[in-house]
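Shown next, in structure tokens, is the structure this report addresses.
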Amino acid sequence: MLVIPAIDLKDGQCVRLRSGKKEDVTIYSSEPWKIAQKWQAAGAQILHVIDLDGAFSGKPINLAALQKIRQTVEIPIQFGGGIRSYSDIQKMLDLGIDRLILGTAVVSSPEWIQQIVQNFGDKIIIAIDARNGKIATEGWVQLSDESPITFARKLSEQGIRRVIYTDISRDGMLVGPNFDMTKEIAIQSNLKIIAAGGISSLADLEKLKQLEKFGIEGAIVGRALYEGQIDLAQAIKCVSLTSYRGCIKS
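Okay, so the sequence shown: first residue is 32 according to the working numbering, each after it adds one.
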């Protein structure tokens with residue numbers, strides 16, 4: 032299981048939101064590429080970069096910051112936020128982004144999924160963002176009538192292989208992820224799942240690692256890294272161990 036550090040971009044800065052609320056923002060750095068360097072040096076195998084302005088506006092905004100991150104680090108980058116068209120996908124790939132995260136676009140236009148699977152395959156990750164058991168879109172502002180499990184099954188049937196599941200109410204709150212729903216989505220859909228939202232400790236990562244056999248392949252960590260509650264190098268070491276015993280106390 033991979034421990035994946037998150038870099039959220041807003042106004043060119045590295046920030047974190049609480050529960051997806053754009054007015055509840057904490058700024059951590061005005062130079063996000065330096066944060067990217069830090070996570071790469073700590074052993075990260077991939078970066079999770081989100082354009083928050085893009086997610087809210089419907090088109091990628093923080094391209095200068097993204098380009099500088101891409102030029103600064105060698106490890107793969109998965110990027111999302113405002114990618115709503117075929118041309119958006121191609122533009123990001125041309126910038127050297129390795130995997131693209133789509134959310135609103137595929138919820139509002141499910142017929143598009145077959146086309147992107149055919150053309151881009153494993154380069155595409157679908158974001159399953161949910162609040163109160165319903166899929167959220169448009170930067171987490173709008174709620175649909177569909178449940179995460181139903182949506183995940185449809186994605187699997189259409190050829191998607193990997194999703195990121197986020198319980199929005201937990202995101203940035205350091206209260207632990209929604210373990211039960213994460214596991215249930217994996218079991219019901221047979222998709223590869225990257226867990227996100229609320230991961231706050233090595234104990235949370237240990238519990239997610241125990242779900243690896245169901246298809247949990249990664250955990251995105253944000254605020255806990257920036258607040259010093261999780262040390263990235265230690266977390267990566269811990270999840271690589273066959274047994275987690277004793278690691279939490281080290």
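Cβ coordinates follow ideal geometry from the N, Cα and C atoms, glycine included.
Please read these numbers as outputs of a predicted model, since none were measured by experiment.
My assumption, with CB atoms under 8 Å, is that G113 sits in contact with A95. Please give the rounded CB distance.
Reading the sequence shown from its first residue, position 82 is the one you call residue 113. Reading the sequence shown from its first residue, position 64 is the one you call residue 95. Not really, about 14 Å apart at Cβ, beyond 8 Å.
Going by beta-carbon coordinates alone, are I159 and V137 separated by less than 8 Å?
Counted from its first residue, the sequence shown places residue 159 at position 128. Counted from its first residue, the sequence shown places residue 137 at position 106. Not closer than 8 Å, so no.
Please list, in chain order, all residues of the same chain as D55 whose beta carbon is under 7 Å from its beta carbon, the five residues on each side excluded.
Position 24 of the sequence shown, counted from the start, is the residue given in the question as residue 55. Answer for D55: L48 and R49, listed in chain order.
Roughly how many whole angstroms lie between the Cα atoms of K90 and K122?
In the sequence shown, counting from the first residue as 1, residue 90 sits at position 59. In the sequence shown, counting from the first residue as 1, residue 122 sits at position 91. Cα-Cα distance, rounded: 12 Å.
Quick one: Cα of I120 to Cα of G228, how far?
Here residue 120 refers to the residue found at position 89 of the sequence shown. Here residue 228 refers to the residue found at position 197 of the sequence shown. Spanning the two alpha carbons is a distance of roughly 25 Å.
Could you tell me how far apart the beta carbons of V148 and I155 are, in whole angstroms, since I believe they sit closer than 8 Å?
Residue mapping note: residue 148 aligns to position 117 of the sequence shown, counting from 1. Residue mapping note: residue 155 aligns to position 124 of the sequence shown, counting from 1. Right, their Cβ atoms sit about 7 Å apart.
Closest to Q76 by C-alpha separation, out of A255, E237, E258 and E248, would be which residue?
In the sequence shown, the residue the question calls residue 76 occupies position 45. Closest option to Q76, Cα to Cα, is E248.
Looking at the strands, I want to know which residues DSSP matches up with Y196.
In the sequence shown, counting from the first residue as 1, residue 196 sits at position 165. Beta-bridge pairing links Y196 to I159 and A226.
Would you check if the distance between the CB atom of R308 and the CB atom of I128 is smaller than 8 Å?
Given that the chain is displayed from residue 32 to residue 281, the structure contains no residue 308 and the question cannot be resolved.
Do W70 and L263 have their CB atoms nearer than 8 Å?
As a first step, residue 70 must be located in the sequence shown, where it is residue number 39. As a first step, residue 263 must be located in the sequence shown, where it is residue number 232. For W70 and L263, yes; Cβs fall inside 8 Å.
With a CB to CB cut of under 6 Å and the five nearest residues on each side skipped, what residues in its chain are close to I267?
Sequence index remark: in the sequence shown, residue 267 carries index 236 (1-based). Excluding residues within five positions, the ones whose Cβ falls inside 6 Å are V34 and G74.
Please state whether the Cβ-Cβ distance between S187 and S220 is less than 8 Å.
Here residue 187 corresponds to residue number 156 of the sequence shown, with the count starting at 1. Here residue 220 corresponds to residue number 189 of the sequence shown, with the count starting at 1. For S187 and S220, yes; Cβs fall inside 8 Å.
Check the DSSP bridge columns for T57 and list the partner residues they point to.
Position 26 of the sequence shown holds residue 57. Answer is R47, bridged to T57.
Using DSSP with H/G/I as helix, E/B as strand and the rest coil, what is R115?
Numbered from its first residue, the sequence shown carries residue 115 at position 84. Coil.
Should I216 and I225 be called a contact, given that it needs their Cβ atoms to be closer than 8 Å?
Translated into positions along the sequence shown, residue 216 becomes position 185. Translated into positions along the sequence shown, residue 225 becomes position 194. Contact: no.
On the DSSP letters alone, give me the boundaries of the alpha helix (DSSP H) that G90 sits inside.
If you number the sequence shown from 1, residue 90 lands on position 59. The question names Gly, yet the displayed sequence has Lys at residue 90. No alpha helix (DSSP H) contains K90, which DSSP labels as neither H nor E.
Put V252 into one of helix, strand or coil per three-state DSSP.
By one-based count along the sequence shown, residue 252 stands at place 221. Residue state, collapsed to three classes: strand.
Quick check: I230 and V252, are their CB atoms within less than 8 Å of each other?
In the sequence shown, counting from the first residue as 1, residue 230 sits at position 199. In the sequence shown, counting from the first residue as 1, residue 252 sits at position 221. Taking 8 Å as the Cβ cut-off, I230 and V252 qualify as a contacting pair.
From the DSSP output, read off the bridge partner residues of R130.
In the sequence shown, the residue the question calls residue 130 occupies position 99. Looking at the DSSP assignment, R130 forms a beta bridge with Q109.
Note the first and the last residue of the continuous beta strand (DSSP E) segment covering D39.
Here residue 39 is taken as the residue at index 8 of the sequence shown, counted from 1. That run of the beta strand (DSSP E) goes L33 to K41.
Does DSSP put L242 in a helix, in a strand, or in coil?
In the sequence shown, the residue the question calls residue 242 occupies position 211. Reduced to three states, the DSSP call for L242 is coil.
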